[in-house]
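Engineer:
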Amino acid sequence: MRLHLPGSPHLSYCTNIHAGERWAEIEAALRKHVLPIKAEVSPDQPMGIGLRLSATAADELAKPEALAALKAFLAQSDLYVFTINAFPYGNFHGTRVKERVYEPDWRDERRVLFSNKAADILEALLPEGVEGSISTVPGAYKDAINGPIDIARMVYHLIRHAAYLYRLAEETGKHISLALEPEPCCFLETIDEAIDFFNDHLFARQSVETFRRLTDISSREAREALRRHLGICLDVCHASVEFEDPVECLGRLAAVGIKVPKIQLSSALRIPVVNANAAELLARFDDGVYLHQTVEVQADRVTRYRDLPEAFDALRSGRAGGEWRVHCHVPLFQADYGALQSTQQPLANLLAACKRSALAPHLEVETYTWDVLPADMRGIDVSSDIARELKWVRSQLGA
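Here this note's numbering = 1-based position in the sequence shown + 756.
Okay, here's the thing in structure tokens:
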């Protein structure tokens, strides 16, 4: 839905909440969940969808008959798609995901082809006059990067995809941006790392020259086009886990001219002072499916753990004991869970800032963990939970 706020941003939720890797499964989930959610949160105006596609689903949806059927469903239901989550390439529910969620990463040709296909689908679905965004992995999992050659390969593939987006815009008039999503323990983990990567690599002279050759435009046009088509997806949960202020992050990105096509509205777990009791409660969230990167601040020391078991080992050995932030997407509308808390306050601060100025054209609720959260944190059904989150966001925005 489009909000009456500075910049008129679009608000939706990401359908990665719903299990399904094949298009038929995703389509069934849309028909089951989106219509009751729309009836509750946007009955009188069009509602946007943040569409998650796996590589398999993208291949299947790219077929003309499948795409035509989706367009008909959207038109009949007063729905539209303005953003695609092309982060997970393969399975995202019901099996061990962990660090495999980043594979294939931007070193791999398959990531380019998948992102190009997602762009073609989004172009076909975008309403006239609406810009599109695609969120993607932050380069790669940090431990997978072995040096300058890997970085150069990622940069080249990202520039190739940006050139594809440029040509798509020239041919169709539909503008789409790719948004890399910084995440703990990834190649792009902090805003400092993101800014350095964009300035030193993606926007560097060699990248501009590569883009110019791929598009046959001038160097000045190439510099401008790269900044239009490549940017950052700021996930509030991820920033909060890193003890970063999301509003400050957005200001720093704007100051150096890095675009933010999408903000993912999300909340992490927070333990002000970790101890054995808190760790016992936290163990309920160690689901075995997703990575739960944990960042600890103790005095002036920052320690990063790749997953909860590693953090628990440090606590048992006496090496941990400060404040923990844990990468686990928890409901936006709840601030605490007894001894455990959430990072709801940074999210509320960001939403307050949205009322004052245009921060990003796309706002997307992304709590994809409903099926693995402890039972006492779930509502009657996932559609009601999603609607409740969207209504909470709108109440914070006054929209």
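A virtual CB, placed ideally from N, CA and C, is assigned to each residue, including glycine.
Note that this is a predicted model, so its numbers are computed, not measured.
(1) Between which two residues does the beta strand (DSSP E) holding VAL1082 run?
(2) Could you tell me the distance, in whole angstroms, from the CA atom of ALA1095 to the CA atom of ASN1033?
(3) For ASP899, count neighbouring Cβ atoms within 10 angstroms of its own Cβ and tell me buried if that reaches 16, exposed if not.
(4) May I ask you to verify whether the region 959-976 touches the region 987-1001, counting CB pairs closer than 8 Å and requiring at least 3?
(5) Checking the sheet assignment: what are the DSSP bridge partners for LYS1015?
(6) Going by Cα to Cα distance, which pick from GLU879, MET803, SER1022 is closest to GLN1101?
(7) Determine the closest residue to SER996 out of PRO1065, GLU1079, TYR912, PHE953, with distance taken between C-alpha atoms.
(8) Tell whether a beta-carbon distance below 8 Å holds between LYS1015 and SER891.
(9) Measure the alpha-carbon distance for ALA1055 versus VAL1029 and round it to whole angstroms.
(10) So what does DSSP say about ASN902, is it helix, strand or coil?
(11) For the alpha helix (DSSP H) that THR971 lies in, which residues bound it at each end?
(12) For LEU878 and VAL911, which I take to be in contact (beta-carbon distance under 8 Å), what is that distance rounded to the nearest angstrom?
(13) Enumerate in chain order the residues of its own chain whose CB-to-CB distance from ASN872 is below 8 Å, with the five nearest sequence positions on each side excluded.
(14) Is the beta carbon of PRO1087 closer than 8 Å to that of GLU1158?
(15) Determine the DSSP secondary structure at PRO1088, reduced to helix, strand or coil.
(16) May I have the straight-line CA-CA distance separating ALA1091 from GLU937, to the nearest angstrom?
(17) Who are the Cβ neighbours of PRO1130 in its own chain at under 8 Å, not counting the five residues just before and after it?
(18) If you follow the beta strand (DSSP E) that GLU1120 is part of, which residue opens it and which one closes it?
(19) Apart from the five residues just before and just after ALA728, which ones in its own chain have a Cβ nearer than 8 Å to its Cβ?
(20) Can you name, in chain order, every residue of its own chain whose Cβ lies under 6 Å from the Cβ of ARG1060, other than the five neighbours on each side?
(21) The beta strand (DSSP E) spanning GLU1052 covers which residue range?
(22) Give every residue of the same chain whose Cβ lies closer than 8 Å to the Cβ of VAL853, excluding the five residues on either side of it in the sequence, and list them in chain order.
(23) Using the Cα positions of GLU884 and VAL1082, report the straight-line distance between them to the nearest angstrom.
(24) From ALA1011 to CYS1005, what does the alpha carbon distance come to, in whole angstroms?
(25) Report the rounded CA-to-CA distance for SER833 versus LEU791, giving the unit in angstroms.
(26) Determine the contact status of LEU1071 and LEU1107, defining contact as a CB-CB distance below 8 Å.
(27) Closest to ASP1043 by CA distance: which of ALA1104, SER798, THR851, LEU944 is it?
(28) Per DSSP, CYS770 forms a beta bridge with which residues?
(29) Roughly how far, in whole angstroms, is the beta-carbon of ALA813 from the beta-carbon of ASP876, given that I think they are within contact range, below 8 Å?
(30) Give the DSSP-derived three-state secondary structure of THR1099 in the structure shown.
(31) Just how far apart, CA to CA, sit PHE829 and ARG778?
(32) Alpha carbon to alpha carbon, how far is LEU761 from TYR922? Give it in angstroms, no decimals.
(33) Could you pull out every residue in the same chain whose Cβ sits closer than 6 Å to the Cβ of HIS913, ignoring the five residues on either side in sequence?
(34) Under the criterion of a Cβ to heavy atom distance below 7 Å, does LEU1115 qualify as lining the ligand ADP?
(35) If ARG984 sits next to VAL964, beta carbons under 8 Å apart, how far is it from one beta carbon to the other, in whole angstroms?
(36) Where does VAL797 land, buried or exposed, given buried means 16+ other C-beta within 10 angstroms?
Structural biologist: Reading off the structure:
(1) 1079-1082
(2) 8 Å
(3) exposed
(4) no
(5) GLY987
(6) SER1022
(7) GLU1079
(8) no
(9) 12 Å
(10) coil
(11) 961-971
(12) Contact flag wrong, Cβ pair sits at about 23 Å.
(13) HIS917, TYR920
(14) Residue numbering for the chain in the displayed model covers 757 to 1155; residue 1158 lies beyond these limits and cannot be assessed.
(15) Before going further, note that residue 1088 is Leu rather than Pro in the sequence given. LEU1088: coil per DSSP, three-state reduction.
(16) 24 Å
(17) ARG1040, PHE1041
(18) 1118-1121
(19) Outside the displayed span of the chain (757 to 1155) sits residue 728, for which this structure offers no information.
(20) VAL1051
(21) 1050-1054
(22) PRO844, ASN847, VAL1045, TYR1046, LEU1047
(23) 40 Å
(24) 10 Å
(25) 7 Å
(26) no
(27) THR851
(28) GLY806
(29) Between ASP876 and ALA813 the Cβ distance is about 13 Å, and since that is not below 8 Å, they are no contact.
(30) coil
(31) 18 Å
(32) 29 Å
(33) TRP862, VAL868
(34) This structure lacks the ligand ADP; in fact it carries no ligand of any kind.
(35) 13 Å between Cβ atoms; not a contact.
(36) buried
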